[in-house]
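Visitor:
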Amino acid sequence: MAKVDKISGSKVRIEIEVSAHHFEHGLDHAFDAMKEDVEIKGFRKGKVPRSVFEQKFGVESLYEEAINHVLQETYINAVTEHGIEVVAQPKIDLDITKVKRGEPFTYVAEVAVKPEVTLGEYKGLKFAKQSEEVSEDDIAKEIAKLLEQNAELVLKEEGNLENGDTAIFDFEGFVDGEAFDGGKAENYELKIGSGQFIPGFENQMVGMAIGEEKDINVTFPENYQAENLKGKDAIFKVKLHEMKVRELPELDDDFVKELDKEGIETVDDLKADTKKTLEEALVTKNKNERVDFAVTEATNNATFELPEEMVEDEKNRLMDNVAQQAKQYNLDLETYLQFSGVSKEDFEKNLRKDAKRSLSYNLVVEAISKEENIQATDEEREAKYQEIADQYNMGIEQVKAALNDSAVDSEVVYRKTIDFLVDSLIIE
Numbered sequence: 076m077a078k079v080d081k082i083s084g085s086k087v088r089i090e091i092e093v094s095a096h097h098f099e100h101g102l103d104h105a106f107d108a109m110k111e112d113v114e115i116k117g118f119r120k121g122k123v124p125r126s127v128f129e130q131k132f133g134v135e136s137l138y139e140e141a142i143n144h145v146l147q148e149t150y151i152n153a154v155t156e157h158g159i160e161v162v163a164q165p166k167i168d169l170d171i172t173k174v175k176r177g178e179p180f181t182y183v184a185e186v187a188v189k190p191e192v193t194l195g196e197y198k199g200l201k202f203a204k205q206s207e208e209v210s211e212d213d214i215a216k217e218i219a220k221l222l223e224q225n226a227e228l229v230l231k232e233e234g235n236l237e238n239g240d241t242a243i244f245d246f247e248g249f250v251d252g253e254a255f256d257g258g259k260a261e262n263y264e265l266k267i268g269s270g271q272f273i274p275g276f277e278n279q280m281v282g283m284a285i286g287e288e289k290d291i292n293v294t295f296p297e298n299y300q301a302e303n304l305k306g307k308d309a310i311f312k313v314k315l316h317e318m319k320v321r322e323l324p325e326l327d328d329d330f331v332k333e334l335d336k337e338g339i340e341t342v343d344d345l346k347a348d349t350k351k352t353l354e355e356a357l358v359t360k361n362k363n364e365r366v367d368f369a370v371t372e373a374t375n376n377a378t379f380e381l382p383e384e385m386v387e388d389e390k391n392r393l394m395d396n397v398a399q400q401a402k403q404y405n406l407d408l409e410t411y412l413q414f415s416g417v418s419k420e421d422f423e424k425n426l427r428k429d430a431k432r433s434l435s436y437n438l439v440v441e442a443i444s445k446e447e448n449i450q451a452t453d454e455e456r457e458a459k460y461q462e463i464a465d466q467y468n469m470g471i472e473q474v475k476a477a478l479n480d481s482a483v484d485s486e487v488v489y490r491k492t493i494d495f496l497v498d499s500l501i502i503e
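So the sequence shown is residues 76 to 503, counted in my numbering.
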């Protein structure tokens, strides 16, 4: 028997009574689980009679296993019976001194549950009209990027090193007058201003001439990956051998042909193709902005309480995903963050923010789908199965065997609800 009381919009208190009969079954389970590891002289392992076991160890020796068993059973039964959508492990309050064989006992489970969402305004939200045209300036900028991507490095034989130039140089670093591992290279190639080196290094190279030697004074950052160099002052002896500059190709039909793009032979062809690509990208960008606005506003206008446990679980899930990505590069999470230039504290703070946003969006969209009675049709479900099959190059029956209709329907309903919100926007 269970009694459920709501503590808040995202937490409930469940008072559960365990009957003497149920606890006796728990003791039976505990004995069956424990007897396999018990050895008593005169009996084969696992064959000791219950009475002998209790005489030697006492029935209380079964209590811990029995209590764990009946708590798990009765808690799951209570949650299922009352239709409670839990989102975390429960906090159990039980006075074990009151648990006795042949008597019922009561315990309390406090658990975070799926929050109740009170919707605010979500239909007919006003949204500023977006630009739907690609300008000649947009096309020119995109082609300029293409020219930059195809630029060649050529020798700069006169003048001094400038930002944007590529330097070919030797260097050797010293800390407290001693050379250190990894601090020396010959004919190293570096684009000045790229920020690849320690702060201050590249700026001090600006103005150097070919053949010039120079001492560069820098301080390693406190978050530098090499522990022995963090915060240390260093001197790098540098000798510049060559300078190179990027030379852009001429925008003509010959350049276009060298791109070897199907159906693109002339500069006019390239401009038309670039315009088409930009228009497609603009359509996608505009739609994404409308989606983000509609969902964000609907979420901001809704009222609900996210359980701390729910946020923490989602944050940990996101962290596990990043750790798996790092593992693909044979890095642990800490090293991966060092290379990314992000502290563990900032990383977890950002993940927590992402977790709260993701959970909030999902809760509100689900609440709207229920309010508007948005459901998946048989045809939409079948189309989604086919989409997944095509995406993973699988047969549709394989996908159906791996997934269930409920999961697929949830995805369909989520997308339909997003479309509903976007379609209801009032464009001004």
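We put the CB at the ideal spot given by N, CA and C, even for glycine.
A quick note: this is a predicted structure, and the numbers were derived from the prediction, not measured.
Note down, in chain order, each residue of its chain lying with its Cβ closer than 6 Å to the Cβ of Ala442, except the 5 sequence neighbours on either side.
Guide: Here the set comprises Val192, Leu194.
Visitor: Helix or strand or just coil, what does DSSP make of Gly101?
Guide: helix
Visitor: In terms of DSSP beta bridges, what is Ala187 paired with?
Guide: Lys86
Visitor: Go through the region 148-216 residue by residue and report every complete run of the beta strand (DSSP E) that reaches 3 residues or more, in order.
Guide: 166-168, 180-187
Visitor: How about Lys312 and Phe295: are their beta carbons less than 8 Å apart?
Guide: no
Visitor: Between Ile267 and Leu236, is the Cβ-Cβ spacing less than 8 Å?
Guide: yes
Visitor: Can you grab the Cα-Cα spacing for the pair Arg392 / Leu426, in whole Å?
Guide: 10 Å
Visitor: Do the region 323-336 and the region 454-470 touch if we need at least three Cβ pairs shorter than 8 Å?
Guide: no
Visitor: Could you work out which residue in Asn292, Ala401, His144 is closest to Leu102 when comparing CA atoms only?
Guide: His144
Visitor: So is Glu322 buried or exposed if we call it buried at 16+ other beta carbons inside 10 Å?
Guide: exposed
Visitor: Check whether the Cβ of Lys166 lies closer than 7 Å to any heavy atom of the ligand ADP, and answer yes or no.
Guide: Within the structure as shown, the ligand ADP is missing, as the structure has no ligands at all.
Visitor: Run the CB neighbour count on Glu384, radius 10 Å, all protein chains shown included, and call it buried at 16 or more, exposed below.
Guide: buried
Visitor: Could you pull the DSSP bridge partners for Asn468 from this structure?
Guide: Partner(s): none; Asn468 has no beta bridge.
Visitor: Label Met53 either buried or exposed according to how many other C-beta atoms from any shown protein chain fall within 10 Å of its C-beta, with 16 as the threshold for buried.
Guide: As shown, the chain starts at 76 and ends at 503. That puts residue 53 outside it, with no answer to give.
Visitor: Starting from Asp245, follow its DSSP beta bridges and name the residues at the other end.
Guide: Lys314
Visitor: Kindly identify the DSSP beta-bridge partner or partners of Asn292.
Guide: Ile310
Visitor: By how many angstroms is the C-alpha of Leu265 removed from the C-alpha of Glu337?
Guide: 35 Å
Visitor: With a 10 Å radius around its C-beta and 16 neighbouring C-beta atoms as the bar for buried, classify Ile82 as buried or exposed.
Guide: Ile82 should be labelled exposed.
Visitor: Could you tell me which residues DSSP puts in a beta bridge with Val79?
Guide: Answer is Ile89, bridged to Val79.
Visitor: Check whether the region 365-383 touches the region 424-440, counting contact only when three or more Cβ pairs, one atom from each stretch, lie closer than 8 Å.
Guide: yes
Visitor: What number of angstroms, rounded off, separates the C-alpha of Leu146 from the C-alpha of Leu200?
Guide: 49 Å
Visitor: Measure the C-alpha to C-alpha separation of Ser94 and Glu486 and round it to an integer number of angstroms.
Guide: 42 Å
Visitor: Would you decide whether Asp240 is buried or exposed? Buried here means 16 or more other CB atoms lie within 10 Å of its CB.
Guide: Classification for Asp240: buried.
Visitor: What residues are listed by DSSP as bridge partners for Ala260?
Guide: Phe246
Visitor: Comparing C-alpha positions only, which one of Phe180, His157, Glu160, Gly158 sits nearest to Asp168?
Guide: Phe180
Visitor: What do you get for Ala260, buried or exposed, if any count of 16 or more other CB atoms within 10 angstroms of its CB means buried?
Guide: exposed
Visitor: If you draw a straight line from the alpha carbon of Glu512 to that of Phe244, how long is it in whole angstroms?
Guide: Lying outside 76 to 503, the shown extent of the chain, residue 512 is not represented and no answer is given.
Visitor: For the beta strand (DSSP E) containing Val229, list its first residue and its last residue.
Guide: 227-230
Visitor: Can you say whether Pro124 is buried or exposed, counting buried as having 16 or more other CB atoms within 10 angstroms of its CB?
Guide: exposed
Visitor: Taking the alpha-carbon of Ser206 as reference, which of Asp335, Thr492, Arg365 has the nearest alpha-carbon?
Guide: Nearest C-alpha to Ser206: Arg365.
Visitor: Helix or strand or just coil, what does DSSP make of Glu409?
Guide: Residue state, collapsed to three classes: helix.
Visitor: Among the residues of its own chain, which have a CB less than 8 Å from the CB of Glu227, if the five just before and after it don't count?
Guide: Arg321, Glu322, Pro324
Visitor: What's the call for Phe414, buried or exposed, on a 16-neighbour Cβ count within 10 Å?
Guide: exposed
Visitor: Can you give the beta carbon distance from Gln122 to Glu114, rounded, assuming they're within the 8 Å contact cut?
Guide: Here the sequence assigns Lys to residue 122, which means Gln is not the residue at that position. Rounded, the Cβ-Cβ distance is 10 Å, inconsistent with contact.
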